[in-house]
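**Q** Using full-length UniProt numbering, the letters of the sequence shown map in sequence onto residues 1 to 308. All C-beta atoms in this analysis are idealised placements derived from N, C-alpha and C, irrespective of residue type, glycine included. Encoded as structure tokens, here's the structure I'll be asking about.
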Amino acid sequence: MNTVTVRVPAKVNLQLAVGPARDDGYHDLVNVFHAVSLFDEVTVTHGAPDAKPGSAVLTATGDRPSRTAGVPLDHGNLAARAVALLARETGVRTGVRVHLHKAIPVAGGMAGGSADAAAALVACDALWGTGVPTARLVELAAELGSDVPFPLLGGTAVGTGRGERLTPAAGNGTFHWVFALAEGGLSTAAVFAEYDRLRPDAPEPEPDRELAAALADGDAHRLGAALANDLQRASFSLRPGLAATIAAGREAGALGAIVSGSGPTCAFLAESAPRARELAAALLESEECAETVVAHGPVQGAVVVGRS
Ligand code: C5P
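Spelled out as structure tokens, the structure:
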């Protein structure tokens, strides 16, 4: 085998409850991750045998030019760090070429960089035939970043700790989403810092029982009403235009409207796939956003879709 391709989903957070800053700078979270049908593809190919062990040579293409803008192609890319980490873990001593094909917005609050890192772990494990158990891949993913374990699992899951300790959530049915993409990204660290400034007295995060019940029942109306993101005010503060995008989605009949993670992507829940398409068209007409994507969730996590 010379090449492996892995498809990996974006996420939206259905609940993002954020506690006070911890001594290590992170925040305890109750973070309900939900994988949606917006996918990046990561293809890994054997590199030169004399390349530095675990080194990755990166290339990237995108569904649109904006999908690769600002994506680092050096060792700073989380996917390159994932390759190096797995090589160290397994003792593999060859380099690898990594191609990212990106549909997930960059620094958009949908964990695209984390998804690519998760996909790189799965792809290299398959390419190298190292057979690392999923539970160990999840631990390695958590070393790379708080959002990296979830795309290995997909579906819907509750993250606690800094978001990396995952428990699958009971769920029924399919939910239909519209995502309003903004120009440029937001730094997750900057949004958390703004949250600390706005909420110095944040309480400990608690799971929302109503949201869990709505998910278990597959009830989009209840889920829409229960969507909640403690980072939203901080994202609005750094990007004031987002409030108008959320308002436009609500006016156009969204069941729920929320900033995705740390933003700036905004997520809108619709009643059905046709309603999602109508909502997307209304959002574009409102001129509050330049681009929309329609997707559904939950979907499965990182999966091998090609080998040759
Ligand atoms: O874990 P990750 O490297 O993805 O986190 C990026 C940044 O987001 C951290 O440096 C931190 O500023 C912030 N963060 C946080 N609390 C979390 C997760 C992330 O403060 N639970």
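I'd like to confirm something about T188: is its beta-carbon nearer than 7 Å to some heavy atom of the ligand C5P, or not?
**A** Yes, Cβ of T188 sits closer than 7 Å to a heavy atom of the ligand C5P.
**Q** Hey, quick one: how far does the beta strand (DSSP E) through E206 stretch, first residue to last?
**A** That residue, E206, is in no beta strand (DSSP E); it is neither H nor E in DSSP.
**Q** The beta strand (DSSP E) that contains E278, what's its start and end?
**A** Element bounds for E278: not the beta strand (DSSP E) but the alpha helix (DSSP H), 273–285.
**Q** Opposite residue 309 in the DSSP bridges: which residues?
**A** Beyond the ends of the chain as shown, which are 1 and 308, falls residue 309; an answer cannot be given.
**Q** Given 7 Å as the limit, tell me if L227 has its C-beta closer than that to any heavy atom belonging to the ligand C5P.
**A** L227: no, Cβ never under 7 Å from the ligand C5P.
**Q** Closer than 7 Å to a non-hydrogen atom of the ligand C5P - does that hold for the CB of L14?
**A** No, the Cβ of L14 stays beyond 7 Å of every heavy atom of the ligand C5P.
**Q** Under a three-way DSSP split, which group does L153 fall into?
**A** Helix, per DSSP.
**Q** Heavy atom of the ligand C5P less than 7 Å from the Cβ of R67, yes or no?
**A** It does not: the Cβ of R67 is nowhere closer than 7 Å to a heavy atom of the ligand C5P.
**Q** Does the distance from the CB of H101 to the CB of G297 come in under 8 Å?
**A** Result no, Cβ atoms of H101 and G297 do not sit closer than 8 Å.
**Q** If contact is defined by three or more beta carbon pairs under 8 Å, each pair taking one atom from either stretch, is the segment 37–49 in contact with the segment 259–273?
**A** In short, these stretches do not touch, since the Cβ pair count stays below three.
**Q** Pop quiz: A82 and L121 are said to be a contact at Cβ under 8 Å. What is the actual Cβ separation, rounded to whole angstroms?
**A** With 8 Å as the limit, A82 and L121 qualify as a contact, their Cβ atoms being about 5 Å apart.
**Q** By the three-class DSSP mapping on this structure, what secondary structure does E183 have?
**A** Looking at E183 - three-state DSSP - the assignment turns out to be coil, as it is neither helix nor strand.
**Q** Whole-angstrom Cβ separation of D230 and Y195, contact assumed at under 8 Å?
**A** D230 to Y195, Cβ: 7 Å. Contact.
**Q** Please classify K11 as buried or exposed, where buried requires at least 16 other C-beta atoms within 10 Å of its C-beta.
**A** K11 should be labelled buried.
**Q** Express the C-alpha separation of G95 and N31 in angstroms, rounding to a whole number.
**A** Distance between the alpha carbons of N31 and G95: 35 Å.
**Q** Figure out for me which residue from A157, G163, E210, A281 has the closest Cα to the Cα of G253.
**A** Looking at the Cα atoms, A281 is the closest of the given residues.
**Q** Can you pull the DSSP bridge partners for K11?
**A** According to DSSP, which records beta bridges pairwise, K11 is partnered with A35.
**Q** Look at the Cβ atom of A157, then the Cβ atom of A169, and state whether they are nearer than 8 Å.
**A** Going by C-beta atoms, A157 is nearer than 8 Å to A169.
**Q** For the segment 189–268, list the alpha helix (DSSP H) runs that are entirely contained and at least 4 residues long, ordered along the chain.
**A** The segment 189–268 contains these whole alpha helix (DSSP H) runs: 209–217, 220–226, 232–238, 242–251.
**Q** I'd like the list of long-range same chain contacts for G145, defined as Cβ closer than 6 Å, with 5 residues on each side in sequence excluded.
**A** Hits under 6 Å: S114.
**Q** Check V92 in the structure and name its three-state DSSP category.
**A** Three-state result, V92: coil.
**Q** So, with DSSP's three-state summary, where would you put T134?
**A** Correct three-state label for T134: helix.
**Q** Taking G163 as the reference, give the member of F179, E206, G184 with the closest Cα.
**A** G163 has its Cα closest to that of E206, out of F179, E206, G184.
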